[in-house]
Amino acid sequence: MRVFNFSAGPAMLPEEVLKRAASEMLEYGETGQSVMEMSHRSKEYQAIIDSVEAKLRKVMSIPDNYKVLFLQGGASSQFAMIPLNLMNGSGKADFVLTGQWATKAYQEASRYGECKAVASSKDKTFSYIPKLNKADFTPDADYFHICYNNTIYGTKFTELPDTGNVPLVADMSSSILSEPVDVSRFGVIYAGAQKNMGPAGLTVVIIREDLIGHARDITPTMFNYQIHADNGSMYNTPPTYGIYILGLVLDWIEQKGGLEAMAKINAKKAALLYDFLDGSKLFKATVKGADRSMMNIPFVTGSDELDAKFVSEAKKAGLINIKGHRSVGGMRASIYNAMPIEGVEKLVAFMKQFEAENA
Ligand SMILES: *Cc1c(COP(=O)(O)O)cnc(C)c1O
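Everything in the sequence shown is counted per my numbering, starting at 5 for the first residue and increasing by one.
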């Protein structure tokens, strides 16, 4: 029996996607082989990667002056790839420290240039998005980095910083495809696929064309955006199966009505859980107000013992991976696109019952 998996990533995939992948596992179309076994240089595979790029462009309304790159190395490799390719003017970059991933991006970039933390919410365990003051921004920065949705702490930017001509770079690993975004506001959007796009192993980079082609001389070939852009993400073997699954996920999103529809369903799912948490005597959400993530919802009981009991009993009830990140404790429900509303309803019903028995 399939469980409801609240993992932060790798995370659930839509059942329809898994079923279709299963039906095409032994033979994709009339090719007599699995996608996994195909040469990435074959015309069959070229058709797959081309169609996936076209679908992503359509679903996200990506403007023509942006390249879509299918890479490996995870979002974490982008922490180095971005400075190596973009820190080519003043050698400076600005960062908003909203959690562990944002801080890692800042620390890695600091190895290559002069990085400034323009704001941080570390004082309150990253439970809010700090107010930004434009006067603190570095006017000649090569880029300005944010982590759009903070997977561990459960916060999300609701308003983008006005960075003027400085390219805004966003780590969207845990929110990409969950709602419409105006891609033209960004210089670079990047995401590890394993939260909301597909299996681990694929990293998607959406980059404005004029930001490509200025990598530092020391940049490893595999870390140079130009190499991947010039070769259609086929400089070396791309993560072929992950790209194919992303295509199935995009088909599924289109069938559901696209990103507008996804955003509505996601808002409904999140409201169900937040409303319960706000009225609960036992559980409380660790993030308040407007900065709440729709994807990752951390909560606590206030007692480590009860938290552990909850996690263990939830697992027995088929609600798995609900333990919070080790840096926050408590619980975290990650409810990406593929989590059906029934999963959130079952979680809330289970929490009500647990509260009645333990409060
Ligand atoms: C999961 C995650 C990462 C790390 O991704 P990897 O693909 O494991 O490198 C980075 N940033 C955010 C926001 C994440 O959620």
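Positions of the beta carbon are idealized from the N, C-alpha and C atoms, including for glycine.
Residue burial classification, residue i (beta-carbon count within 10 angstroms, cutoff 16)
i: residue 224; result: exposed
i: residue 173; result: buried
i: residue 366; result: This structure cannot speak to residue 366, because the chain is shown only from 5 to 363.
i: residue 29; result: exposed
i: residue 51; result: exposed
i: residue 2; result: Here the chain comprises residues numbered 5 to 363, so residue 2 is not present and cannot be evaluated.
i: residue 128; result: exposed
i: residue 57; result: buried
i: residue 69; result: exposed
i: residue 166; result: exposed
i: residue 360; result: exposed
i: residue 85; result: buried
i: residue 203; result: buried
i: residue 146; result: buried
i: residue 362; result: exposed
i: residue 2; result: Any property of residue 2 remains undetermined from this structure, which presents the chain solely from 5 to 363.
i: residue 189; result: exposed
i: residue 301; result: buried
i: residue 222; result: exposed
i: residue 162; result: exposed
i: residue 176; result: buried
DSSP-derived helix/strand/coil call for residue i
i: residue 60; result: helix
i: residue 175; result: strand
i: residue 98; result: strand
i: residue 362; result: helix
i: residue 168; result: coil
i: residue 149; result: strand
i: residue 180; result: coil
i: residue 257; result: helix
i: residue 195; result: strand
i: residue 228; result: coil
i: residue 133; result: coil
i: residue 112; result: helix
i: residue 241; result: coil
i: residue 185; result: coil
i: residue 330; result: coil
i: residue 309; result: helix
i: residue 354; result: helix
i: residue 24; result: helix
i: residue 262; result: helix
i: residue 317; result: helix
i: residue 347; result: helix
i: residue 30; result: coil
i: residue 107; result: helix
i: residue 17; result: coil
i: residue 246; result: helix
i: residue 50; result: helix
Residues that DSSP places opposite residue i in a beta bridge
i: residue 302; result: 336
i: residue 72; result: 210
i: residue 8; result: 323
i: residue 288; result: 304
i: residue 120; result: 98
i: residue 442; result: Since the displayed the chain opens at 5 and closes at 363, residue 442 lies outside it and no answer follows.
i: residue 154; result: 159
Any non-hydrogen atom of ligand 1 within 8 angstroms of residue i CB
i: residue 297; result: no
i: residue 270; result: no
Exercise. Can you list every residue whose CB sits closer than 6 angstroms to some heavy atom of ligand 1, going in chain order?
Worked result: 13, 78, 79, 80, 105, 151, 155, 175, 177, 178, 196 and 199
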